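Read top to bottom, the protein sequences are chains A and B. The working numbering applies: residue 1 is where the first sequence begins, and numbers increase by one. The working numbering applies: residue 1001 is where the second sequence begins, and numbers increase by one. First up is the structure itself, then whatever we jot down about it.
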Amino acid sequence: MKYIDGFRNHLAAKAITEDIHKLAGELSVLNMEARIMEVCGSHTMSIARYGIRQILPENVRLISGPGCPVCVTDAAYIDAAIELAERGIHVATFGDMLKVPGSSRTLADARSAGGQVHVCYSPLDAVKLAKENPDDEIVFLGIGFETTVPPVISIVKKAKAENLKNISVLTAFKLVPPALEALAQDENVAVNGFLLPAHVSAIIGADAYSSFVEKYKVPSVIAGFEPLDILLGIKGLLEQLAGGKAELVNQYARVVKNKGNRIALDLIDELLEPADVSWRGIGTIPQSGLALRDEFAEYDASKKYNITVEGGAPDLRCRCGDVLKGIILPDECPLFNKGCTPLFPVGPCMVSSEGSCAAYYKYSR
Amino acid sequence: MCLAVPMKVIELKEGGAGVCELENTLYEVDLSLIESVELDDYVIVHAGFAIEKLDIEEANERLQLFADLAETYKDQGKVG
Ligand code: SF4
Chain A
1 MKYIDGFRNH LAAKAITEDI HKLAGELSVL NMEARIMEVC GSHTMSIARY GIRQILPENV
61 RLISGPGCPV CVTDAAYIDA AIELAERGIH VATFGDMLKV PGSSRTLADA RSAGGQVHVC
121 YSPLDAVKLA KENPDDEIVF LGIGFETTVP PVISIVKKAK AENLKNISVL TAFKLVPPAL
181 EALAQDENVA VNGFLLPAHV SAIIGADAYS SFVEKYKVPS VIAGFEPLDI LLGIKGLLEQ
241 LAGGKAELVN QYARVVKNKG NRIALDLIDE LLEPADVSWR GIGTIPQSGL ALRDEFAEYD
301 ASKKYNITVE GGAPDLRCRC GDVLKGIILP DECPLFNKGC TPLFPVGPCM VSSEGSCAAY
361 YKYSR
Chain B
1001 MCLAVPMKVI ELKEGGAGVC ELENTLYEVD LSLIESVELD DYVIVHAGFA IEKLDIEEAN
1061 ERLQLFADLA ETYKDQGKVG
């Protein structure tokens, strides 16, 4: 398909990179550094894969924020999922979740020990599983940002319509705008530009960030994740910094509308309500999650099986929290490539290919 | 897991289901989350669901911009 090639045209990339260097020069005259955070796992992967960090001027730094849903999943949540598997309940999940360390074990360990853990490509696979195994109980692990929430909660709609009683969701959904707000308020996080996520924005719409940008006065660009999209996004942010502006720009209008996806937003609103949720390495951010409304309690695994997602003791040596806030780079963690590798991850940032540490490991050495 | 890619709609089925194509591979895709989808539309697919349509006009505009940038770059004699 011609579409993809056009977004990877290397001459256009060179032209934009030149502009970036020019703008960075203007910033360095002002003694300024651009510290740009991306909050999207796909951006993290693209940046690493296409070596974008390496072609940027020294005073333009890219920081991988908490954009990988697997990485911000609490150890306590993994513990709860393992407990469900140990009680004989079938746990269905996206593949990335299997190797995420809980307090002492992973779901892969639980599966080796005889637990029923199923990897799904789509949440609908779990509905199929529930239909085919009417005597078994199925729990789908409801993690992810706004992009993933509508597909996952479609399970509940389908289960209700088809009167399926043996499927439920263990929710730990996360929302991007409250996380941006928490990052902007954190004194340790020195970021002066946000590369906003592509497909989260497709659901929530560009307008969802207006009040954030207005309040915190940070240049913010919604960008796609092809290499040229990202370069253009960075250029747009540098232009704003050089010009002393702080605006919200939607550079991904081919997918992101101002108001977002109405059907998906209505579905979220019908089934879910905002809830406080804990982000691994960051802590609890008020109203940054979504939980099923009371009317749908029978599909809420935590209520159905009376299971709490609390406590949890992640490996304290892991510095994912500092990585996700841009306080350190992955290779500044003492365990990076020394005890922590994608094959034997100590922390969640090394598990998913979208994780900062894993992306760094794969492409930057 | 957040990967979301553009695919072409090649079959519409009952109940919001459909078949999409990416690089000659066919995928079952749930189309219930998007409005008024038609054959040959491009949709962004994530976790088995189409989450938004791709606006072809906007996409072409962007492609044109990139093509122009590349052309200017070439014209400046920077490519040897
Ligand atoms: S290298 Fe491993 S231990 Fe260190 S921050 Fe990354 S995931 Fe955690």
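Where a beta carbon is used, it is the ideal one built from N, C-alpha and C, also for glycine. Since this is a predicted model, take the numbers as computed values, not measurements.
Around the beta carbon of A/Thr308, fewer than 16 other beta carbons lie within 10 angstroms, which makes this residue exposed.
DSSP places A/Asp322 in the uninterrupted alpha helix (DSSP H) bounded by Cys320 to Leu324. Look at A/Tyr361 here: in three-state DSSP terms it is helix. At a Cβ-Cβ threshold of 9 Å, B/His1046 and A/Thr284 do not count as neighbours. For A/Cys68, the Cβ stays outside the 8 Å cut-off from all heavy atoms of the ligand SF4.
Using a CB distance below 9 Å, the part of the stretch 134–149 of chain A facing chain B consists of Ile143, Gly144, Phe145, Thr147 and Thr148, ordered along the chain. Annotation note: the stretch 5–84 of chain A contains the following uninterrupted beta strand (DSSP E) runs of length 3 or greater, listed N- to C-terminal: 34–38 and 60–64. Of all residues in the stretch 246–264 of chain A, only Ala253, Arg254, Val255, Asn261, Ile263 and Ala264 come within less than 7 Å of chain B when Cβ atoms are compared, listed by chain position. When secondary structure is reduced to three states using DSSP, B/Gly1015 falls in the helix class. Residue environment analysis places A/Leu343 among the exposed positions, since fewer than 16 neighbouring C-beta atoms fall within 10 angstroms of its C-beta.
Taking 9 Å as the cut-off, the beta carbon of A/Pro151 is found closer than this to the beta carbon of B/Ile1051.
Under the three-state reduction of DSSP, A/Leu164 is assigned to coil, being neither helix nor strand. Look at the stretch 189–222 of chain A: the residues with a C-beta under 9 Å from a C-beta of chain B are Pro197, Ala198, His199, Val200, Ala202 and Ile203. Counting other Cβ atoms within 10 Å of its Cβ, A/Gly88 stays below 16 and is therefore classed as exposed.
Interface criterion met: the Cβ of B/Asp1030 is under 9 Å from a Cβ in chain A. Around the beta carbon of A/Tyr77, a 10 Å sphere encloses 16 or more other beta carbons of the protein chains shown; the residue is thus reported as buried. Less than 9 Å separates the beta-carbon of A/Gly281 from that of A/Leu324. Residues of the stretch 149–166 of chain A with a C-beta atom less than 8 Å from some C-beta of chain B are Pro150, Pro151, Val152 and Ser154, listed in chain order.
Here the C-alpha atom of A/Ser122 lies approximately 14 Å from the C-alpha atom of A/Ala130.
Taking C-beta atoms as the reference points, B/Leu1069 and A/Ala206 fail to come closer than 9 Å.
For B/Lys1053, the nearest CB of chain A lies under 9 Å from its own CB, placing it at the interface with that chain.
Only those residues of the stretch 15–34 of chain A whose C-beta falls short of 7 Å from the nearest C-beta of chain B are listed: Ala15 and Ile16.
It is roughly 30 Å from the alpha-carbon of A/Leu56 to the alpha-carbon of A/Gly144.
Pairing A/Val117 with A/Ala110 gives a Cβ-Cβ distance under 9 Å.
Within the stretch 108–128 of chain A, those residues whose Cβ lies closer than 9 Å to any Cβ of chain B are, in chain order, Cys120, Tyr121, Ser122, Pro123, Leu124 and Asp125.
A heavy atom of the ligand SF4 is found nearer than 8 Å to the CB of A/Gly347. Of the other Cβ atoms in all chains shown, 16 or more fall within 10 Å of the Cβ of A/Pro345; this residue is therefore buried. Below 8 Å, too few C-beta pairs join the stretch 219–234 of chain A and the stretch 1025–1038 of chain B to call them touching: fewer than three.
Set against 8 Å, the gap from the CB of A/Pro330 to the closest heavy atom of the ligand SF4 is smaller.
Only buried fits A/Pro348, as 16 or more other CB atoms lie within 10 angstroms of its CB.
As computed with DSSP, B/Glu1028 is found in a beta bridge with B/Val1019. Counting only residues of its own chain and dropping the five nearest sequence neighbours on each side, A/Pro286 has a CB closer than 8 Å to the CB of Pro178 and Asp276. At least one heavy atom of the ligand SF4 lies less than 8 Å from the C-beta of A/Ser356. Within the model, the alpha-carbon separation for A/Ala301 versus A/Leu84 is close to 9 Å. Of all alpha-carbon atoms in A/Trp279, A/Ser42 and A/Arg53, the one lying nearest the alpha-carbon of A/Gly289 is that of A/Trp279. Rounded to the nearest angstrom, the gap between the Cα atoms of A/Lys257 and B/Asp1055 is 10 Å.
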